[in-house]
Structures are given as C-alpha cells and as structure tokens.
Amino acid sequence: MKKKNSDNTELAQITREIRKLQFYFNMLSGLSASCGVMIPLDSVYTAIRELSDQEAILRQKAKDHSDRLSR
Numbered sequence: 642m643k644k645k646n647s648d649n650t651e652l653a654q655i656t657r658e659i660r661k662l663q664f665y666f667n668m669l670s671g672l673s674a675s676c677g678v679m680i681p682l683d684s685v686y687t688a689i690r691e692l693s694d695q696e697a698i699l700r701q702k703a704k705d706h707s708d709r710l711s712r
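Basically the working numbering = 1-based index in the sequence shown + 641.
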C-alpha cells in the first residue's frame with residue numbers, strides 16, 4: 642500500500658511539472674512569435690517529453706496493478 646501511495650504521489654508531481662512546463666513552453670513560444678525572435682525551446686520540449694514518458698510508465702504500472710487486483 643505504501644508503494645502505491647508513493648507512486649500516486651510521484652504521478653501527481655510529474656503531472657504538475659508537465660503542466661508547468663507546458664505553460665512556460667506556450668508562454669515562451671507566444672513571446673517568441675510576437676517579438677519576432679527565436680527563443681530556443683528544445684530543452685523545455687525535451688523535458689516535457691521525458692516527464693510524459695515517466696508519467697506513461699507510472700500510469701501503466703497503476704493499470705497493471707489494478708488489473709491484477711481485480712482478477
């Protein structure tokens with residue numbers, strides 16, 4: 642049970658970080674377009690992708706665990 646709560650907490654934290662990074666990505670992208678300058682967003686996009694991968698793994702673990710419990 643403790644591990645499940647830990648995974649849920651980690652999943653919630655990752656989800657918050659993804660939303661925060663998406664906000665900054667969109668803000669910087671809009672700023673870049675409105676000012677006509679290039680702002681390098683590769684590192685932000687890479688961080689979002691990496692966190693999304695971690696989120697998908699944790700969600701799959703939770704689904705697998707739930708499936709095992711329902712059998």
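Glycine included, every Cβ here is placed at the ideal spot set by N, Cα and C.
Between the region 684-699 and the region 646-658, the count of Cβ pairs shorter than 8 Å is three or higher; the stretches touch.
Note that the C-beta distance between ALA688 and LEU710 is not below 8 Å.
Contact between LYS702 and ASP648 holds: CB atoms are separated by about 6 Å, below the 8 Å threshold. Between LEU672 and ILE680, the gap from beta carbon to beta carbon is short of 8 Å. Closest in alpha carbon position to TYR686, among PHE664, GLU651, SER707, GLY677, is PHE664.
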